[in-house]
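Input: a single structure, listed below in structure tokens.
Number of protein chains: 2
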Amino acid sequence: MDIKLNVQGVLADPKTETQVVLLRAEDKKEVLPIWVGAVEGTAIKFALEGILPARPMTHDLLKNILEHLRLRVQKVIITEIKNNTYYALIYIESDGTLLTVDARPSDAIALAIRMHVPIYTTDEVFRQRSGDDLDAWLEKLSPKDFGEHTA
Amino acid sequence: MDIKLNVQGVLADPKTETQVVLLRAEDKKEVLPIWVGAVEGTAIKFALEGILPARPMTHDLLKNILEHLRLRVQKVIITEIKNNTYYALIYIESDGTLLTVDARPSDAIALAIRMHVPIYTTDEVFRQRSGDDLDAWLEKLSPKDFGEHTA
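Those protein sequence lines, which keep their order, are chains A and B.
Sequential numbering from 1 applies to the first sequence in our numbering.
Sequential numbering from 1001 applies to the second sequence in our numbering.
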């Protein structure tokens, strides 16, 4: 069954330049952490915080192109975890046809927030998520990292 | 008049994390340097060198979406320089209609190389380009930066 996710925030580890996007299941307390690159993390954080950069970022360009072409993104789904890599699909409506395009979760999330469409995942992904890794990662952060980077 | 540009390479300054894309006018010796961020520079370099990352990068996703939707990118044009910022337009054909979408030159170039479409600019942009800045920037690089980063 699909589980709706809310983007809770983006945490950054300034030492390693990795960032983690925290996605919280709407109907439970569980969190799905997804590690992303610094640029993708920033693209998500800007959208969450409503920051409009002076020049469109790549995901803004993608949104602009879709809107110019009157294409509607319906939803994005984080579909699976394979070898610690997360996979996602973007669902796009074009003339009544629903297309799915393979994407990295970071791109899918950055686009979903900009286009105000829901993000889903499956029970299976939640079972396979690496919660232990998140705990270990969080332990290394200092309190100020939270203050600076959560949305 | 439009001037066709060939992407000559991407140079990186490891100290500042800035990269410069060198665009050479097809019919002259002049070079148009465009400064880009590290991620955009890498996105251009990967496409130039035919490197296919395991997971699609954001510009690969954009290309995949356009191809899924049977949309053709016709060309990109670097249209103007204002306050040292470069502007570009992406021309997209949709059902016989030509749409233009505003983009950063880095995104426009990263997409153009992936979709094998020409990149143009104007005489006016060439007149306004900051060749002196490039010379100053190049002087600071050591020879090994060239070996590592040109295509």
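Using N, Cα and C, we set each Cβ at its ideal position, and we do this for glycine too.
All values derive from a computational prediction rather than experimental measurement.
| In three-state terms, what does DSSP make of residue 1029(B)? | Counting from one through the second sequence, the residue named residue 1029(B) turns up at place 29. Correct three-state label for residue 1029(B): coil.
| field | Distance between residue 1074(B) and residue 1117(B) (C-alpha atoms, nearest Å) | value | As a working note, residue 1117(B) is residue 117 in the second sequence. As a working note, residue 1074(B) is residue 74 in the second sequence. Cα to Cα, the separation comes out at about 6 Å.
| query | Alpha carbon to alpha carbon, how far is residue 1003(B) from residue 28(A)? | reply | Sequence index remark: in the second sequence, residue 1003(B) carries index 3 (1-based). Sequence index remark: in the first sequence, residue 28(A) carries index 28 (1-based). Roughly 58 Å between the two C-alpha positions.
| request: Indicate whether at least one CB of chain B lies closer than 8 Å to the CB of residue 39(A). | output: If you number the first sequence from 1, residue 39(A) lands on position 39. Chain B contact via Cβ: present.
| query | Is residue 72(A) helix, strand or coil when you go by DSSP? | reply | Here residue 72(A) refers to the residue found at position 72 when the first sequence is read from its first residue. Secondary structure at residue 72(A): strand, using DSSP grouped into helix, strand and coil.
| request: On the DSSP bridge assignment, give the partners of residue 1121(B) in chain order. | output: Sequence index remark: in the second sequence, residue 1121(B) carries index 121 (1-based). According to DSSP, residue 1121(B) bridges with 1003(B) and 1078(B).
| said: Here's the rule: buried if 16 or more other CB atoms are within 10 angstroms of the residue's CB, otherwise exposed. What is residue 60(A)? | reply: By one-based count along the first sequence, residue 60(A) stands at place 60. Result: buried.
| task | Can you say whether residue 1050(B) is buried or exposed, counting buried as having 16 or more other CB atoms within 10 angstroms of its CB? | result | For the purposes of this step, residue 1050(B) is taken as the residue at position 50 of the second sequence. Under this definition residue 1050(B) is an exposed residue.
| task | Could you name the residues that DSSP lists as bridge partners for residue 1024(B)? | result | By 1-based counting over the second sequence, the position of residue 1024(B) is 24. Bridge partners of residue 1024(B): 1006(B) and 1031(B).
| field | Proximity test, Cβ basis, 8 Å: residue 135(A) and chain B | value | Along the first sequence, one-based indexing puts residue 135(A) at 135. Not an interface residue.
| said: Please tell me whether residue 1078(B) has its Cβ less than 8 Å away from any Cβ of chain A. | reply: Looking up residue 1078(B) in the second sequence gives position 78. Output row for residue 1078(B): interface = no.
| query | Since residue 1136(B) sits in a beta bridge, which residues does DSSP pair it with? | reply | Residue numbering aside, residue 1136(B) sits at position 136 when the second sequence is read from its first letter. Bridge partners of residue 1136(B) according to DSSP: none are assigned.
| query | Would you report the Cα separation of residue 1019(B) and residue 1136(B), rounded to the nearest angstrom? | reply | As a first step, residue 1019(B) is located in the second sequence; it is residue number 19 there, counting from the start. As a first step, residue 1136(B) is located in the second sequence; it is residue number 136 there, counting from the start. Near 14 Å, if we compare the C-alpha coordinates of residue 1136(B) and residue 1019(B).
| task | Quickly, what does DSSP pair residue 19(A) with across the bridge? List them, please. | result | Along the first sequence, read from residue 1 onward, the residue named residue 19(A) stands at position 19. Residue 19(A) is bridged to 12(A) and 36(A).
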